[in-house]
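Trainee:
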Amino acid sequence: MGSIVSSNKKKPQSALLNPGESLSDRRFTNTGPSTNNHQQTGEELTAPANQPVEEISLDEWLSQNLIHHEAMREKVKERQVGTWIEIRLFISSTFIDTHSERDILVQRVIPSINRKLTSKFIRVIPVDLRWGVLADESKNCEEIQKTCLNQIDKCRDNVLYMPWFLGLRTDRYGWVQDNYLPENGFEQPQLYDWIERFDSYGKKVSITSLEAIQASQSGKIKRESPTVFFYKRNMMDLPNEPKGVKFPEEFRWIFEFEYVEKEMKDPKLKFQYNVNKNASAYEKDRDALNKFLQGHPEIKWSEYDAQFCDAKITLERENARSFGVGYVKNLEDFEKQVEGDLMESILSNYSSIDTTQVDNYALESIQHRNAVKLKAATFVGRTGLVNKAYQHCVTSGYPNTLILHGEPGCGKSGLLAKIAVDCMSQVEKTNDFLFIQAVDSCPGSSLLEGMMRRLQINLRKYRRDRGETKLSIEFTGNASELKQKHHEFLIESANQYPDKLFVIVIDAVNQFQSRLGAWDMWWLPLKDAPKNLKFMISTLNQENGTFQNARNVSPDAECVPVENMSHEDLKEMVRETLARFNKKLTENEDSNVGNQMDILLSKSQSPLYLIAACEALRKFGIFEKVTQYIENLPNTITDLFSFLLDDWSITYGKLFVHDVAGFICVSKDGLLENQINDLLHYKEQREKGDGQFLYDANFPRIYDSISHFLAAGGGGYLRFFHDQLKYAVRRKFMTESFEQETHACMRDFFQDIIIKQCCETPQVEPPAYFDHILEQLVYHQLKAHQNQDTPLESLKISLRNIYFVKNRIVAKQQQSLSDDYSVALATLKDTEDLEALKQWASFVQLYTSYIQELPNFSLNMAVTQSPNSFVTKDTLSLGMEPLVKGEAYPLYWTNIPMEGDSMLVKYCRGGVCVSANAKRDIVAITGDEFTAVYDMISGELIHDFKTIGSAVSISSDGKTLILGGYSGRISRYNISKGTLEDVVKIFEKDLCTSWLTCTGDNLLACWNEINIHVDSNERYIATWITVLDKNSLKIVKKWCTEKPGFDCCYNERLNMIFSAHLGGDIIGWDLQGNQLCSATFDCDVIHCLSIHPTENKIISGSDDYIIREWSVTKSSVELCNQIEDDDDIDIKSPLHRGHKSVCYDDIGERILTIRFRRKELRIFNISGELLKEMKGHAASIEYMSLVPGKNQVLSSANLHETILWQLPVTKESKKNTVPKMVEEIVR
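Here the sequence shown stands for residues 3 to 1229, where the numbers follow the working numbering.
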C-alpha cells in the first residue's frame, strides 16, 4: 500500500459510518454510552452536507465516464512453462452481513481452485479486508479510500487491465464518504482521472460503492473474459413465518438497508439505523449502481438466493448502537457458480500450458532464471564488480572459477543475479552454454545431486541440438556414478566445442544441503579443466566451510570479496529503491530538514540495512518529520529489524505479527502464502470459534511490508531470507514457551490434514501443499514435544503409521523420511518410543522399494511382520485389515528377522570386508566385484568405485578410504570427491591384503599369498606385515612373520600388532618388526583376532569352536578365559570350520561371533552364556565389523547383502558407558 499523501482539500468532517459496518467493532475505540442518545448518534454519524446533484442518474453518469468503448481486445499471450502466475482477487462487500459468503470464498472456493490450478502454475490469493482496515485508516474518508482502492489496484495484472475483483451486493450500503481523495493521493494516480469529475458531480457514495466504481472502470485493453464479478443476494422468506419475513425482528438491522429518514419507534432498533434525510437518495444510488454493474459489458453479473441462518451481537450497549454479525445459508449454488466463473475466466485469460511433456528439470531451469531476474530487477551500483565478474564469465581463459564471497547482507545474491542476467543476454547472441542455479529458489534446489542431474540434462540438450543425436537425453546412473562422471562430462563437453563458453553460475552454495559432500566443493573445476569452462559461485565467508573448501579445490580461483559499496553506489541504491514508491530524500543541506541522504548513510554501509530502512521510510507519510524519523532509526541491522517488527505490530496488530513471524520462523523450510492464511484461520477458529476474530489484519496486508525480506525457496515457500531478521524475531517474540506453542499449533494443523488421508480410501481431497506438510509434520511433532520424557503419542499419526509412511515414499521423500527417523531416535527419551521407532525405521528401510512398486499392498507389508512387533501392532490398532492376505499377497520377505531383532539398515551388496565411520555415518564395503561407500543411515549408495578389494578401512575423519587388494597394492580414495588419489605398489608379487586399519599417523596391513596346486591342496605362504605412512603411503617398515596366517589386530595402548597363524600361534610385534612375545595352543588354525576396547586383552576364534581370551603385555600372551561353542554342520577342512570372525562389543562385556557357512550372528557374555542369535541374512556371513561407540555391528554376506544391526540391550551392556575406541576391521 502506498504512503499517506497530503491533500490540498479542506480537512474532512467525520464520515458517516454504518452501525457495525466498520470493518469490525474491534477497530474502534468505544466512547461509552451517552445520556443524550439522539445527540450522541448525531455527533458520531454526521451526514454530509447537501450537494446540488445534476439531473442525471448515477448509472448514466458512470456509463458515460467509466466505460471506454474504444478499448482494444488483446489476444492471450503465450506463457513460459514453470512461470507462476499469482492472481490477487479483491473481495468487496459490506462486512457485517456477508461473513458466510466470504468464508466460503476464502476457505473453500479459492483453495479448491488453487488445487486444480497447481499443475498450470497459477494460484489465487484472496484480498479480504474484513480484518485489513485499521483504526488509524478509518479516522477519515481519505485514509480508508487510500487503503481499499490501492489494494484493488494491486489486483491488476497491469494498469491497462481491469482488476481481479469479486463484489457481493446486498441490501446494505456502507460507510458514506463525505469527501474524496484526489487522484495524486493514490499509488496509481493515472487510474483516478474520474474522481475529480465525480466529486464535481456531487454524489456522496459509500466506500463499498467506491470500490465497485473503481473496479468497473474499463481497462485500456479488454481481456478475453471478464475479471470483475458481482453477485447480488436475494434473501428468501423464513420458513413457518408470514410472507415477506426474511429475518428475525431483533436481527433485521444487520441485513437491511441501514439508513432511514425518521427515527425507528422500536426502542431495540432505533439506535441500529442511521437517521439521515438523504436515506432515500442513498438507496436510489445503490440500486442505480447495481443497474450500471448489471449492464456493464465487461462485468459478469449474477444473482443468488440465500436464507437467514444466524446472527450474533458482538458488542451490546444500552441506549446506544450495538454491533453484530449475520450469517446466511443455502449457499451451495453460490459456491458452485463462483468457482465456475473464476475457473472459466482464469483459463480463458491465461494460455494453457502442457507440463506433461516437460520434465521437472526443465521446469526448474525456468524457475532458476526467474529467480535471478527478480533479484536483478532491484540491483543498482557496483559497476566495477559487475564488469569484473561479467568479463570472467564471458571470456575464455584461466582461472576457471570466480568466487563472490562476503558477510550476510552484503549484496552477493543481487550482484550475482545482475551478472547472471547480463550473461543471459549475451548467450542469446553467442549461443554459448549457460547454466544457473539459485539455491533455495524452487523445490529441490538445495540438493547438489538434483543440480548435477539438471546440469547433465542441459549439457546433453545443448550438445544434441548441435548434432550429437546419439547422446542420451539424461544420465540414468545412481548418485555415485553421477559424481564420478561429473568432471569427466564437463571436460568432455567443453573440449567438444572449444569455440563456445560453458558458463555455470551458482548462488548461495553455502545453502546446499550437505548430502553428496556438497560443502566439500569437490564439484568445482579441477586443475586440468579446459579454459572455456567458467564457474561463478557466491558464498558466505564462514558458513559450512564452503568458501575455504572452494579455495582448496580450486587454489587458482579468483576470489572477489563483496565489501562495502561506494558512497555514490549507496546513494544510487537508496534513490532507486525509494523512487519505486515515488519518494526521495534531500541530498543537500536543506535549512529545514538537513541532508537526509547523508544522515541515512551515516547509520550503516550495509545494503541490507539500507533496503530495510527504505522499506520503513516508504511507509512513513509525514514529510516534515522524515529527518527525525531517520535519526531515530537504530544503527544495526538486527536492531533495525526489531524496530520494523515494532512498527508492523502497531500497524497490523501485535498478536498478528507475533503469530505470522512465529509461523515463518519455526517452519522447517518455509510456508506457502496459502498455508500461512490457513494456519492463521485455523488458530483463530480454535481460539475464538466461528464468526469471531482474533486478528486485526490478514496476511495479504502484511505481505506487502515483509515481502522484501522473504525468500520464496522451494517453489514459493516463504522463509526469512536473512538470518538477521530471524535473530530479531527470536529475540523479540520467541520465548521458549511461545516457540513450543507455535510448533504445537503447526503440528495440530498438519495432523488435522494428514489424518484424513491415513486410510485405504480417503474421502477428502488433500490441499495442494499436502506433500510439503508431509515433510514438515515430524519436525513439529518433535519440537512441540521437546524436553519431555513422556511417550509421544502423535507419532502414531506419522512415523508409526503405515499410511503416512506410504504417502512419504510415494511422494519420493524416502531420504527425508529416513532422516526423520534418525532425528526422532536421537531426540526422544521414552523407552517404548525408541524401541517402536527402531523397528519402524528398520521396516521402512527394508521395504521402501516394495512400497514404491506396490503401494496398495503397504498395509499387507506392515501386518505380516512379527505379530508382537510395533509395526504390526501399530497397524492393527488402526482397525483396518488388508484387502489381500496369505498366499495371494504378492510379496514374501524370505529374510524376516527373528522377533525383537534390530535390523537397522540393509545395504544392497555384500562383500568380504566392511568398515564404518560413525562421525560421518558412512559404510565402506569391498568384495570380489566392487568397492562401494554407502550412507550408513539411509542405505543410499554414495560412491561405487568399481574396484575389487580384499580389505578396506576408513580414516578417522571419514574423508579417506584405504583399499587393499590382490596385487600387492594399496589404493587411497577421496571420499568427498569420489576420486582415486594414489596407488602404491607394496609388493612385486601378488600378495592379498587380509587385514587393514588406520591408526594415528600409520596405516597397518597384513598380507598373504595363496597358491592353488593341481592336487587342489592350498599352500599358504608366510604372512607379511607392513607399516605405512598414512599421508604419503611410503613404507615405514615391513617384515615377514615366517609363518602363514590370516588375521591381525592392533593394541593402541601397547602400540603392538598381534598376528594369528596356522598351528595355533599368536605373536606380538612392535612397529619396528621385532617379535616381543608369543603363545601357542592346540588347534589347527586361528582364523581371527580382535582387541578389547578398554583392557589389554585380545580374543581369538579358531577351527575348534573355542573362543579364547588372552591377557597381553609387551612380553607375554597368556590365556585367561575360554568359551566352548559348537556347530551341527560337519566340515572336514579346518580351514573352513570354526569361528570366522569374533569381536567384543563397545564395552568389552559381550562377545560377537560368526561361524563358517552360517547365516546368524551370535552374542555371548564373558561367562560363555549365549545371549542372542540375530538372523536375517540370505547367505552365510563372511565378515563383521563393529561400529565404534554406537552399540551397532555390521555383518556382510559376500555377493548378497550387508546388514547394520542394533545390538540388543542386556544386563551386560548396561554395566559401563561406551568408551572412545580405535576403529578396527574384524576378520
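Glycine included, every Cβ here is placed at the ideal spot set by N, Cα and C.
All of these numbers come straight from a predicted model, not from anything done at the bench.
In this structure, how does DSSP classify leucine 1141 when only helix, strand and coil are distinguished?
Mentor: Note that residue 1141 is histidine in the sequence shown here, rather than leucine. Note: histidine 1141 maps to strand in three-state DSSP.
Trainee: Cutting at 6 angstroms between CB atoms, please list the residues of its own chain near alanine 419, excluding the five before and the five after it.
Mentor: Taken in chain order, the residues that qualify are Val374, Lys377 and Ala378.
Trainee: Could you check if alanine 290 is buried or exposed, using at least 16 other CB atoms within 10 Å of its CB as the buried criterion?
Mentor: Alanine 290 comes out buried.
Trainee: On the DSSP letters alone, give me the boundaries of the beta strand (DSSP E) that leucine 646 sits inside.
Mentor: Segment 639–654 is the alpha helix (DSSP H) holding leucine 646; no beta strand (DSSP E) there.
Trainee: Taking its Cβ as the centre, do 16 or more other Cβ atoms sit within 10 Å of alanine 614, making it buried, or is it exposed?
Mentor: Alanine 614 should be labelled buried.
Trainee: Can you tell me whether DSSP reads arginine 1152 as helix, strand or coil?
Mentor: Strand at arginine 1152.
Trainee: Since I believe valine 207 is in contact with aspartate 155 (beta carbons under 8 angstroms), could you give me their beta-carbon distance rounded to a whole number of angstroms?
Mentor: That belief does not hold up - the Cβ atoms of aspartate 155 and valine 207 are roughly 19 angstroms apart, past 8 angstroms.
Trainee: From this set, Phe1166, Asp725, Glu145 and Ile215, which residue's C-alpha is nearest serine 65's C-alpha?
Mentor: Comparing Cα positions, the closest option is Ile215.
Trainee: Quick check on alanine 1180: buried or exposed, where buried means 16 or more other Cβ atoms within 10 Å of its Cβ?
Mentor: Alanine 1180 should be labelled exposed.
Trainee: What residue range is occupied by the uninterrupted alpha helix (DSSP H) comprising glutamate 741?
Mentor: Note, glutamate 741: alpha helix (DSSP H), 738–756.
Trainee: Inspect the beta-carbon positions of tryptophan 166 and aspartate 173 and report whether they are closer than 9 angstroms.
Mentor: No. Outside cutoff.
Trainee: Among the residues of its own chain, which have a CB less than 7 angstroms from the CB of histidine 489, if the five just before and after it don't count?
Mentor: Once the five neighbours on either side are set aside, the close Cβ partners of histidine 489 are Leu528.
Trainee: Touch check for the stretch 737–752 and the stretch 638–646: three-plus C-beta pairs under 8 angstroms?
Mentor: With the cut-off at 8 angstroms, the stretch 737–752 and the stretch 638–646 do not touch.
Trainee: Roughly how many angstroms lie between the CA atoms of cysteine 1085 and leucine 1121, to the nearest whole one?
Mentor: Taking the straight line from one Cα to the other gives about 14 angstroms.
Trainee: Classify asparagine 897 as helix, strand or coil using the three-state DSSP reduction.
Mentor: For asparagine 897, the predicted structure reports a pLDDT of 37, less than 50, and the residue's modelled location is therefore unreliable. A value from the coordinates is still provided. In this structure, asparagine 897 counts as coil in the three-state DSSP scheme.
Trainee: Can you check which of these residues, Met454, Arg456, Arg455 and Phe381, is closest to isoleucine 421 by C-alpha distance?
Mentor: Checking every option, the nearest Cα to that of isoleucine 421 belongs to Phe381.
Trainee: Grouping DSSP H, G and I as helix and E and B as strand, with all else coil, what is arginine 465?
Mentor: Note: arginine 465 maps to helix in three-state DSSP.
Trainee: Roughly how many angstroms lie between the CA atoms of methionine 345 and isoleucine 115, to the nearest whole one?
Mentor: Rounded to whole angstroms, methionine 345 to isoleucine 115 spans 7 angstroms at the Cα level.
Trainee: Can you tell me which of Leu503, Val505 and Asn551 puts its alpha carbon nearest to the alpha carbon of tryptophan 524?
Mentor: Tryptophan 524 has its Cα closest to that of Asn551, out of Leu503, Val505 and Asn551.
Trainee: Quick check on tyrosine 631: does DSSP put it in helix, strand or coil?
Mentor: The answer is helix: DSSP assigns tyrosine 631 an H, G or I state.
Trainee: Can you check whether the CB of isoleucine 924 is closer than 9 angstroms to the CB of glycine 980?
Mentor: Cβ distance not < 9 angstroms, so glycine 980 and isoleucine 924 don't count as in contact.
Trainee: Could you give the uninterrupted runs of the beta strand (DSSP E) lying entirely in the stretch 451–534, keeping only those of 3 residues or more?
Mentor: Segments of the beta strand (DSSP E) lying fully in the stretch 451–534: 504–509.
Trainee: Closer than 8 angstroms to a non-hydrogen atom of the ligand FMN - does that hold for the CB of aspartate 1086?
Mentor: Annotation note on the ligand FMN: not contained in the displayed structure, which lists no ligands.
Trainee: Please check the pair phenylalanine 514 and valine 441, which I expect to be a contact at CB under 8 angstroms, by giving their CB distance rounded to whole angstroms.
Mentor: That belief holds up - the Cβ atoms of phenylalanine 514 and valine 441 are roughly 6 angstroms apart, short of 8 angstroms.
Trainee: Taking C-beta to C-beta, are threonine 1025 and glycine 1047 nearer than 9 angstroms?
Mentor: The answer is yes: Cβ separation under 9 angstroms.
Trainee: Can you give me the C-alpha to C-alpha distance between phenylalanine 579 and asparagine 142, rounded to a whole angstrom?
Mentor: According to the sequence provided, residue 579 is threonine. The question's phenylalanine does not apply to it. The straight-line gap from Cα to Cα measures roughly 30 angstroms.
Trainee: What are the start and end residues of the beta strand (DSSP E) that includes methionine 905?
Mentor: Note, methionine 905: beta strand (DSSP E), 905–909.
Trainee: Measure the CB-CB distance between valine 327 and phenylalanine 310 and report whether it falls below 9 angstroms.
Mentor: For valine 327 and phenylalanine 310, no; Cβs fall outside 9 angstroms.
Trainee: How many angstroms separate the CA atom of arginine 1110 from the CA atom of arginine 1152?
Mentor: Cα-Cα distance, rounded: 13 angstroms.
Trainee: Compute the beta-carbon to beta-carbon distance between alanine 1007 and glycine 966, rounded to the nearest angstrom, for a pair I have assumed lies under 8 angstroms.
Mentor: Right, their Cβ atoms sit about 6 angstroms apart.
Trainee: Could you tell me whether the Cβ atoms of alanine 520 and threonine 541 are closer together than 9 angstroms?
Mentor: No, the pair does not count as a contact, with Cβ atoms beyond the cut-off.
Trainee: For aspartate 434 versus phenylalanine 491, is the C-beta distance shorter than 9 angstroms?
Mentor: Not in contact: aspartate 434 and phenylalanine 491 (Cβ atoms no closer than 9 angstroms).
Trainee: Per DSSP, what kind of secondary structure is glycine 1070 in: helix, strand or coil?
Mentor: In this structure, glycine 1070 counts as strand in the three-state DSSP scheme.
Trainee: Glutamine 817 to serine 851, Cα distance in whole Å?
Mentor: Going by the C-alpha atoms only, they are around 12 angstroms apart.
Trainee: Can valine 230 and leucine 168 be called in contact, C-beta distance under 9 angstroms?
Mentor: Against a cut-off of 9 angstroms, the Cβ pair of leucine 168 and valine 230 comes out as a contact.
Trainee: Just the C-alpha distance for lysine 338 and isoleucine 98, rounded to the nearest angstrom, thanks.
Mentor: Their Cα atoms are separated by approximately 23 angstroms.
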